[in-house]
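2 protein chains.
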Amino acid sequence: MRSTADDLTTRARIRDAAIGLFGREGFSRATVRAVASLAGVSPGLVIHHFGSKAGLREACDQHVLAQTATQGREKADPGSTGRLIQDYLNNPDQYTEEIAYIRRSLGDESDAGDAFFDAVVKQCQDIIHTGIEAGTIRKFDDIRSVAVVIASNSLAVLMLGRHLSRSLGVPAPEPNGIAPDLLRQLTLPLLEIYTHGFYSDPRFLNAAREALEENNANNGREHAP
Amino acid sequence: MRSTADDLTTRARIRDAAIGLFGREGFSRATVRAVASLAGVSPGLVIHHFGSKAGLREACDQHVLAQTATQGREKADPGSTGRLIQDYLNNPDQYTEEIAYIRRSLGDESDAGDAFFDAVVKQCQDIIHTGIEAGTIRKFDDIRSVAVVIASNSLAVLMLGRHLSRSLGVPAPEPNGIAPDLLRQLTLPLLEIYTHGFYSDPRFLNAAREALEENNANNGREHAP
DNA sequence: ATTCGCATTGAACAAGTGTTTAGCGTATGA
DNA sequence: TCATACGCTAAACACTTGTTCAATGCGAAT
Numbered sequence: 001m002r003s004t005a006d007d008l009t010t011r012a013r014i015r016d017a018a019i020g021l022f023g024r025e026g027f028s029r030a031t032v033r034a035v036a037s038l039a040g041v042s043p044g045l046v047i048h049h050f051g052s053k054a055g056l057r058e059a060c061d062q063h064v065l066a067q068t069a070t071q072g073r074e075k076a077d078p079g080s081t082g083r084l085i086q087d088y089l090n091n092p093d094q095y096t097e098e099i100a101y102i103r104r105s106l107g108d109e110s111d112a113g114d115a116f117f118d119a120v121v122k123q124c125q126d127i128i129h130t131g132i133e134a135g136t137i138r139k140f141d142d143i144r145s146v147a148v149v150i151a152s153n154s155l156a157v158l159m160l161g162r163h164l165s166r167s168l169g170v171p172a173p174e175p176n177g178i179a180p181d182l183l184r185q186l187t188l189p190l191l192e193i194y195t196h197g198f199y200s201d202p203r204f205l206n207a208a209r210e211a212l213e214e215n216n217a218n219n220g221r222e223h224a225p
Numbered sequence: 001m002r003s004t005a006d007d008l009t010t011r012a013r014i015r016d017a018a019i020g021l022f023g024r025e026g027f028s029r030a031t032v033r034a035v036a037s038l039a040g041v042s043p044g045l046v047i048h049h050f051g052s053k054a055g056l057r058e059a060c061d062q063h064v065l066a067q068t069a070t071q072g073r074e075k076a077d078p079g080s081t082g083r084l085i086q087d088y089l090n091n092p093d094q095y096t097e098e099i100a101y102i103r104r105s106l107g108d109e110s111d112a113g114d115a116f117f118d119a120v121v122k123q124c125q126d127i128i129h130t131g132i133e134a135g136t137i138r139k140f141d142d143i144r145s146v147a148v149v150i151a152s153n154s155l156a157v158l159m160l161g162r163h164l165s166r167s168l169g170v171p172a173p174e175p176n177g178i179a180p181d182l183l184r185q186l187t188l189p190l191l192e193i194y195t196h197g198f199y200s201d202p203r204f205l206n207a208a209r210e211a212l213e214e215n216n217a218n219n220g221r222e223h224a225p
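Sequence order for the protein chains is H and D.
Per UniProt numbering, the first sequence starts with residue 1, numbered consecutively.
Per UniProt numbering, the second sequence starts with residue 1, numbered consecutively.
#1: Measuring only the C-alpha atoms, how far is D:Ser37 from D:Ala112?
#2: State the CB to CB distance for the pair H:Phe22 and H:Tyr95, rounded to an integer number of angstroms; the pair is presumed to be in contact (CB under 8 Å).
#3: Could you please give me the residues that DSSP links to H:Ile143 through a beta bridge?
#4: With contact counted as at least three CB pairs below 8 Å, one residue from each stretch, are the segment 117 to 129 of chain H and the segment 140 to 151 of chain H in contact?
#5: Check whether the segment 127 to 146 of chain H and the segment 177 to 190 of chain H touch, using three or more Cβ-Cβ pairs below 8 Å as the test.
#6: First and last residue of the alpha helix (DSSP H) that includes D:Phe27?
#7: At least one CB of chain H closer than 8 Å to the CB of D:Gly220: is that the case?
#8: Could you work out which residue in H:Glu97, H:Pro92 and H:Arg144 is closest to H:Asp181 when comparing CA atoms only?
#9: Using DSSP with H/G/I as helix, E/B as strand and the rest coil, what is D:Tyr199?
#10: Any Cβ of chain D within less than 8 Å of the Cβ of H:Leu22?
#11: If the criterion is Cβ atoms closer than 8 Å, does the pair H:Ala208 and D:Leu191 meet it?
#12: Scan the segment 29 to 54 of chain D for residues whose Cβ lies nearer than 7 Å to a Cβ of chain H and list them as they occur along the chain.
#13: Assign D:Ser145 to one of two classes, buried (16 or more other C-beta atoms within 10 Å of its C-beta) or exposed (fewer than that).
#14: At a Cβ cut of 9 Å, what residues of the segment 150 to 166 of chain H count as close to chain D, listed as they run along the chain?
#15: Quick check: what's the CA-CA separation for D:Pro173 versus D:Ile193?
#16: Under 7 Å from any heavy atom of the ligand NAP, does the C-beta of H:Ile132 make it?
#17: Would you check if there are 3 or more beta carbon pairs closer than 8 Å linking the segment 114 to 123 of chain D to the segment 63 to 73 of chain D?
#18: Using 8 Å for Cβ pairs, my map puts H:Ser200 next to D:Arg138. What's the rounded Cβ distance?
#19: Please list, in chain order, all residues of the same chain as H:Ala30 whose beta carbon is under 6 Å from its beta carbon, the five residues on each side excluded.
#20: Restricting to Cα atoms, I'd like to know which of D:Lys53, D:Phe198, D:Arg57 and D:Asp87 is closest to H:Asp141.
#21: Rounding to the nearest angstrom, what Cα-Cα distance links H:Ala5 and D:Thr9 in this structure?
#22: Pull up the distance between the alpha-carbon of D:Leu89 and that of D:Arg83, whole angstroms please.
#23: Can a CB atom of chain D be found closer than 8 Å to the CB of H:Arg2?
#24: For chain D, check one thing: does any of its Cβ atoms lie closer than 8 Å to the Cβ of H:Ile137?
#25: When Cβ atoms are compared, which residues of the segment 178 to 204 of chain H fall closer than 8 Å to chain D?
#26: Here's a check: name, in chain order, each residue in its chain whose Cβ is nearer than 8 Å to the Cβ of D:Thr81, leaving out the five neighbours to either side.
In structure tokens form, the structure reads like this:
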């Protein structure tokens, strides 16, 4: 997908170097000088091409996230998610930089991160709608909230990949990277929960329902002195 | 729990100011000068008390995380989780700074963040064991992995709280804060999934099982040229 | 009362930061 | 052929960063 060699514009080379470094170090720790040296150019040239460090970041945001989000929205047919994951499992190295960058964008508050998260939620929502029609997904009252929960659970792997790897003893090729083996090990437990549930009976669900209703009632009273 | 006024040691006041700022801005963006001014002291005094910025961070780590992790491990009887959440719902403002700090620690790579994550996993594991014995939680083959998944899903709320609030339109009192209303809105969807599942039949689970076995077989071959 | 120790400050330092500027070379179009 | 524009660099600038240091004040111990 990405041209590996230096057949790129200098501008593009700088941008790619920045994407890598921003993902690895975070926006504030990554310096213009480091980006420049990584791209094999002078610091001045970075500014010349992007106006400022913030401008460079915007260019990176647009290149990684806008693209990824659009991509995800286009292939929003539910079957493609499996294909997408399969694609990642087959050649994960190609996506590591993008993934690291997205992780940083979701953590930092940035418009690009917001857009990406919203795109994921929208995709989940579409999948749920289609799944309910097809009868493969249970009917939910509040589809929107369920979509957000599913998105949150899914992106957790991205945000906490480092800890998941560490905790399960799955070696990660690089810090914060998500090894294919990690995904493989997490798939079945997650799908078991998603299929048969985690609790064995509706006790907790009912208890929570009651507690929430009671809490709502209390809330009404709390606002009076 | 925390003394609100200035009846604290100067050292403690600096540390608390740092915890707040580190949580809000992140470790690298928060400057020694900003911490000092927030605590109403000179920058030199910060260094005098903690040796260096890294030393200050270590002190904060120890105060917030080590404490929290230990606390969690001690009250590891499964019922206490509900009480802990209830406690948070009743007075959330008291914990916002700690939560922000923990979020930063989990995102940044730090020993303190590692310890916290491990503590959460361990607590999940204990809960699952106890729950299985009591018959409230389904029997799982790979309890360890399930614990990691549950921990990951739970901490996702912490890591992505900002996006969850935004996406659901629940106003958050401060950026990256987790409003009680948000938790309330997420509880039922999550518990529904955890109780009745997300998929309506084991189709996806079985498909994944087959795909993984096939993939494993392929993996064996892939290592040969 | 004097000395000691410690909390505390203000100013300074050295390194690193993003950014500016002047100038170099080279290709392109007139 | 010349001029123009542009990619690009080296050096410098202004500022922020973490940290140091000498000096001050103050409370407690002798």
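Glycine included, C-beta positions come from ideal geometry on N, C-alpha and C.
Straight from the coordinates:
#1: When rounded, the separation of the alpha-carbon atoms in D:Ser37 and D:Ala112 is 26 Å.
#2: Actually they do not touch by this definition, with Cβ atoms about 15 Å apart.
#3: Answer by DSSP bridge pairing: none, since H:Ile143 is not bridged.
#4: Touching, per the Cβ criterion.
#5: A contact between stretches requires three or more CB pairs, one per stretch, nearer than 8 Å, and the segment 127 to 146 of chain H fails this requirement with the segment 177 to 190 of chain H.
#6: Taken as a continuous stretch (DSSP letters only), D:Phe27 belongs to no alpha helix (DSSP H), as it is neither H nor E.
#7: Caution applies to D:Gly220, whose pLDDT of 48 falls short of 50 and renders its modelled position unreliable; the value that the coordinates give is listed next. Proximity of D:Gly220 to chain H, defined by a Cβ-Cβ separation below 8 Å, is not satisfied.
#8: The shortest C-alpha separation from H:Asp181 is found at H:Pro92.
#9: Residue state, collapsed to three classes: strand.
#10: For the record, residue 22 of chain H in the displayed sequence is Phe; it is not Leu. Not a single C-beta of chain D is nearer than 8 Å to the C-beta of H:Phe22.
#11: Note that the C-beta distance between H:Ala208 and D:Leu191 is below 8 Å.
#12: Of all residues in the segment 29 to 54 of chain D, Arg29 have a Cβ within less than 7 Å of some Cβ in chain H.
#13: Buried, because 16 or more other Cβ atoms sit within 10 Å of the Cβ of D:Ser145.
#14: For the segment 150 to 166 of chain H, the residues whose beta carbon sits under 9 Å from a beta carbon of chain D are, in order, Ile150, Ala151, Ser152, Asn153, Ser154, Leu155, Ala156, Val157, Met159, Leu160, Arg162, His163, Leu164 and Arg166.
#15: Roughly 28 Å separates the two Cα atoms.
#16: With respect to the ligand NAP, the structure offers nothing, as it holds no ligand at all.
#17: They touch, by the three-pair rule.
#18: Confirmed, about 5 Å.
#19: Leu21 and Phe22, listed in sequence order.
#20: Put simply, of D:Lys53, D:Phe198, D:Arg57 and D:Asp87 the residue whose alpha carbon is nearest the alpha carbon of H:Asp141 is D:Phe198.
#21: Interpretation of H:Ala5 is limited by its pLDDT of 41, a score under 50 that renders its predicted location unreliable; the figure taken from the coordinates is listed afterwards. Distance between the alpha carbons of H:Ala5 and D:Thr9: 58 Å.
#22: Across the structure, D:Leu89 and D:Arg83 are spaced so that their CA atoms are roughly 10 Å apart.
#23: Note that H:Arg2 scores a pLDDT of 43, beneath 50, so its modelled location is shaky; the value from the coordinates is reported in the next line. With 8 Å as the cut-off, H:Arg2 does not count as an interface residue toward chain D.
#24: Against chain D, the CB of H:Ile137 has a partner CB under 8 Å away; the residue lies at that interface.
#25: The segment 178 to 204 of chain H vs chain D, Cβ under 8 Å: Arg184, Gln185, Leu186, Thr187, Leu188, Pro189, Leu190, Leu191, Glu192, Ile193, Tyr194, Thr195, His196, Gly197, Phe198, Tyr199, Ser200, Asp201, Pro202, Arg203 and Phe204.
#26: The beta carbon of D:Thr81 sits closer than 8 Å to the beta carbons of Gln123 and Ile127 from its chain, once the five residues preceding and following it are set aside; these are given in chain order.
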